[in-house]
Every structure is written in structure tokens, then in C-alpha cells.
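Q: Structure incoming, see below.
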DNA sequence: TTTTTTATTGAACCCGATGGCAACACTGCC
DNA sequence: GGCAGTGTTGCCATCGGGTTCAATAAAAAA
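Chains as they are written, first to last, in this note's numbering: chain X, 1078 to 1227; chain F, 1078 to 1227.
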């Protein structure tokens, strides 16, 4: 799929893709940068960002834009939602299949043309729920913009 | 609720709250800064950020952390979801009540302690759907991290 | 090989947001 | 009133994710 877009499979682009496929979880750009740099020490962060963008537009990888944090990337499998730890920002897949036609629920009732939806669960990862002083702990203010059941 | 926290209702804090209550929509911090500065020309951006944070912790206002954009604030009414324009970043309330116990759907199936959820619709606002060159238009790449029905 | 086109590099830059800190202003208290 | 004590402000520097730019390198085309 590179042919018809005049894009080239450069060494950098290929290594980024290969390494991303080996990584599990939902790494951030700088994490990917760190890993790729072991094979290509001279690669620049800009190249990593640029190629992650290209690869995500091509559909080779998935770019996650979660709330209030840096972007994350992973290789595409099937669509799913995510759950994010409010303490350490760890992101896992949420065990819930896509809600089909979910956006149609509001389609006639808003002036927007609804194109999609995003669902994100928040909570505490196993480490942070047991060890509230785990590294990466941030002041935990219950996010009042979330719908938390009383 | 200021008493028991040793916080003071200063002039700046009060003006920020008053102005925010008059504004509709979901203004960003710099928008609030601009409005408040008409009454308090010497107020600093840092003060605005600090007080927005304080007010949101006190529950006086709501801090929205939507995906991939700056934070937005509004006065608290009842909980609701939001819809964001992918072109101009305009944010409206979504005409959909809170899904009660939504996070319980995954509660037994993840190692996380699920605390809440966030739902965000994305689409095109009336201006951008009719006038794709409206100010603020950004390159619209179909976000493949969304669940968009084919 | 030479030419043409696309990609990479490294640094500078952008922008939202935060932190440090001296000066300031409330709030008791004498 | 004068005086601590402490919360707050304004200012400025800084941070961090991310992007842009001119120069250079590399890949495809001729």
C-alpha cells in the first residue's frame, strides 16, 4: 500500500513498524523512540513522529488519542476501547466489544454530523490499587468530569 | 466550602467564577483569561490556571479533559457527555444522559479497579459541515482510533 | 549514472501548562 | 493600630509533547 501513495518503505519506517509490532501495550512516541534508537542510533524524534503519523494514516498502526495525556500507538488488531490508570497512565485494552451504531443514538438530536465516538474507562491498575505510592503516582483528584457512580 | 480548606475567596477567584458562569459553551483557559482580563487587567495567566484548578477541586466548576486538545472548563450542572468537532474543536454537550453503571460492564473482566468512564462523540459542527474551509479547519484525517461505522 | 523526488536530520520553535519565588494581602491576635 | 503567619498574586522561567525548517541523504526514475 505504499506504492500508490508514493511513499517509500525506508529503513527508519520499517524499523519503527517492526519494533512497534514487537512491543506490547500502548507505547508512547518517546518510548518507541527509545527502542528504535537501539537499532538506529541516529534517528531523530521528528522522524519517529512523522512515521507514526504516516503509518497510522496507512492503517498499519493505530494512534490513540486519550484524554489529557500523550498520544499512544499500537499495531492494529480489531477495534476496541481502552482503560487508563489515573495514577500511572498505564493503558490497557478494555474487555468490551465496539458498540455498534452507538453514535446513532444522538444523531437526530444534535446539530453536529456525528462521525464516531470514543469510550475510555478510567480506574486504577493492579499496581496502583495495591501500592498507592508506586512510581508515577500523581495526586489523585477524583475527576469530577467523569461519571463515577456514587 | 472555602472555610474548612483555608482557601480564600479572593477578588481574582471570584471574578473567574462569575465570568465562567456567564459564559456558555466550554471555554478554554486562555479564553477565560481574555474575558477576566477585561475586569482585572493585571491578572496573570498562571493565576487563572491555578484558580481554575482550585475551583474544579472544590467542585464549583468542571474541568473537561477531552482527547487531544487543551483543557476546557465550565460551570457544573448535571453530568453529561460531550461532542467535539474534529475540524474546529468546538465542544457541545451531547444529548444523552449518563449511562448508569456503565463501567460495571467490564468490572469483573479487567485487572483494573474501574472507577468511571468517559464518552466523547466526534463529528462536524454545523459550520464545518457546511463550510469546510471555515476558520480553524485542520486537515481532517479520519481518526482510525475511533469506531466509525462503515 | 545522472536526475528527480521523497525522506531524514538536528535544531529551532510553538504552545499549553506548570513551578519557583519575591511581593502582596488577608486573617487573627496582641 | 501594629504584627506575625499564611494563602495568593504576578512575573518569569521552564517544561514537555509535538511540529517546522533548511540542509542533507537516500531512494526511485530516467
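Think of the CB as a built atom: it goes at the ideal place given N, C-alpha and C, for glycine as much as any other residue.
Under a three-way DSSP split, which group does residue 1195 of chain F fall into?
A: Along the second chain, read from residue 1 onward, the residue named residue 1195 of chain F stands at position 118. DSSP places residue 1195 of chain F in strand when its eight states are reduced to three.
Q: Rounded to whole angstroms, what's the CA-CA distance from residue 1201 of chain X to residue 1153 of chain F? Just pull it up for me.
A: Indexing the first chain from 1 puts residue 1201 of chain X at position 124. Indexing the second chain from 1 puts residue 1153 of chain F at position 76. About 25 Å.
Q: Could you give the first and the last residue of the continuous beta strand (DSSP E) run that contains residue 1149 of chain F?
A: Taking the first residue of the second chain as 1, we reach residue 1149 of chain F at position 72. Here the beta strand (DSSP E) through residue 1149 of chain F covers 1149 to 1152.
Q: Pick out the complete alpha helix (DSSP H) segments inside the region 1103 to 1144 of chain X, 4 residues or longer, and give them in chain order.
A: List check, alpha helix (DSSP H) in window: 1106 to 1116, 1122 to 1134.
Q: Taking DSSP's pairing of strands, which residues face residue 1168 of chain X in a bridge?
A: Residue numbering aside, residue 1168 of chain X sits at position 91 when the first chain is read from its first letter. In the DSSP output, where bridge partners are listed per residue, residue 1168 of chain X has X:1161.
Q: Which whole-angstrom value is the C-beta distance of residue 1092 of chain X and residue 1116 of chain X, which I expect to be below 8 Å?
A: What you label residue 1092 of chain X is simply residue 15 of the first chain in a count that begins at 1. What you label residue 1116 of chain X is simply residue 39 of the first chain in a count that begins at 1. Yes, they are in contact, since the Cβ atoms of residue 1092 of chain X and residue 1116 of chain X sit about 5 Å apart, within 8 Å.
Q: Per DSSP, which residues does residue 1174 of chain X bridge with? Please list them.
A: On the first chain, residue 1174 of chain X is found 97 positions in, with the first residue counted as 1. According to DSSP, residue 1174 of chain X bridges with nothing at all.
Q: If residue 1160 of chain X sits next to residue 1169 of chain X, beta carbons under 8 Å apart, how far is it from one beta carbon to the other, in whole angstroms?
A: If you number the first chain from 1, residue 1160 of chain X lands on position 83. If you number the first chain from 1, residue 1169 of chain X lands on position 92. Their Cβ separation, rounded to whole angstroms, is 5 Å, which keeps residue 1160 of chain X and residue 1169 of chain X in contact under 8 Å.
Q: For chain X, is any of its Cβ atoms less than 8 Å away from the one on residue 1190 of chain F?
A: Position 113 of the second chain, counting from 1, holds the residue named residue 1190 of chain F. At least one chain X Cβ lies under 8 Å of residue 1190 of chain F.
Q: Evaluate residue 1122 of chain X with the Cβ neighbour count: other Cβ atoms within 10 Å of its Cβ, from every protein chain shown; 16 or more gives buried, anything less gives exposed.
A: Locating residue 1122 of chain X in the first chain gives position 45, counting from the first residue. By the neighbour-count rule (16 or more Cβ atoms within 10 Å), residue 1122 of chain X is not buried but exposed.
Q: Any idea what DSSP makes of residue 1084 of chain F, helix, strand or coil?
A: Taking the second chain and counting its residues from 1, one reaches residue 1084 of chain F at position 7. Of the three classes helix, strand and coil, the one that applies to residue 1084 of chain F here is coil, per DSSP.
Q: Can you have a look at residue 1097 of chain X and say buried or exposed, based on whether 16 or more other CB atoms are within 10 angstroms of its CB?
A: Position 20 of the first chain, counted from the start, is the residue given in the question as residue 1097 of chain X. Residue 1097 of chain X is buried by the Cβ-count criterion.
Q: According to DSSP, which residues form a beta bridge with residue 1201 of chain F?
A: Here residue 1201 of chain F is taken as the residue at index 124 of the second chain, counted from 1. In the DSSP output, where bridge partners are listed per residue, residue 1201 of chain F has X:1190.
Q: Anyone know if the C-beta pair for residue 1180 of chain X and residue 1144 of chain F falls short of 8 Å?
A: Along the first chain, one-based indexing puts residue 1180 of chain X at 103. Along the second chain, one-based indexing puts residue 1144 of chain F at 67. No, they are not a contact pair.
Q: Use the C-beta contact count for residue 1163 of chain F: other C-beta atoms within 10 angstroms, 16 or more gives buried, fewer gives exposed.
A: Indexing the second chain from 1 puts residue 1163 of chain F at position 86. It is buried - the Cβ of residue 1163 of chain F has at least 16 other Cβ atoms within 10 Å.
Q: Sorted by chain position, which residues of the same chain lie with C-beta nearer than 8 Å to residue 1109 of chain F's C-beta, five sequence neighbours on each side aside?
A: Position 32 of the second chain, counted from the first residue, corresponds to residue 1109 of chain F. Cβ within range, chain order: 1093, 1096, 1097, 1100, 1125, 1129, 1150.
Q: Taking just the CA atoms, how far does residue 1172 of chain F sit from residue 1185 of chain X?
A: Counting from 1 along the first chain, the entry for residue 1185 of chain X is found at position 108. Counting from 1 along the second chain, the entry for residue 1172 of chain F is found at position 95. About 10 Å.
Q: To the nearest angstrom, report how far apart residue 1147 of chain X and residue 1105 of chain X are at their CA atoms.
A: One-based indexing of the first chain puts residue 1147 of chain X at position 70. One-based indexing of the first chain puts residue 1105 of chain X at position 28. Residue 1147 of chain X and residue 1105 of chain X: Cα-Cα distance of roughly 7 Å.
Q: From the beta carbon of residue 1105 of chain X, is the nearest beta carbon of chain F less than 8 Å away?
A: The count along the first chain starts at 1 and reaches residue 1105 of chain X at position 28. Not closer than 8 Å to any Cβ of chain F, the Cβ of residue 1105 of chain X fails to qualify, so no.
Q: In chain X, which residues lie with their C-beta within 9 Å of the C-beta of residue 1202 of chain F?
A: Along the second chain, read from residue 1 onward, the residue named residue 1202 of chain F stands at position 125. Per Cβ cutoff of 9 Å: 1188, 1189, 1190.
Q: Quick one: using the 10 Å Cβ neighbour count with 16 as the cut-off for buried, is residue 1189 of chain F buried or exposed?
A: Taking the second chain and counting its residues from 1, one reaches residue 1189 of chain F at position 112. Classification of residue 1189 of chain F: buried, given that the 10 Å Cβ count is 16 or more.
Q: On the three-state DSSP scale, how would you describe residue 1156 of chain X?
A: Along the first chain, read from residue 1 onward, the residue named residue 1156 of chain X stands at position 79. Coil, per DSSP.
Q: Residue 1123 of chain F CB to nearest chain X CB: under 8 Å?
A: By 1-based counting over the second chain, the position of residue 1123 of chain F is 46. It does not; no Cβ of chain X falls within 8 Å.
Q: Quick check on residue 1187 of chain X: buried or exposed, where buried means 16 or more other Cβ atoms within 10 Å of its Cβ?
A: Numbered from 1 along the first chain, position 110 holds the residue referred to as residue 1187 of chain X. It is buried - the Cβ of residue 1187 of chain X has at least 16 other Cβ atoms within 10 Å.
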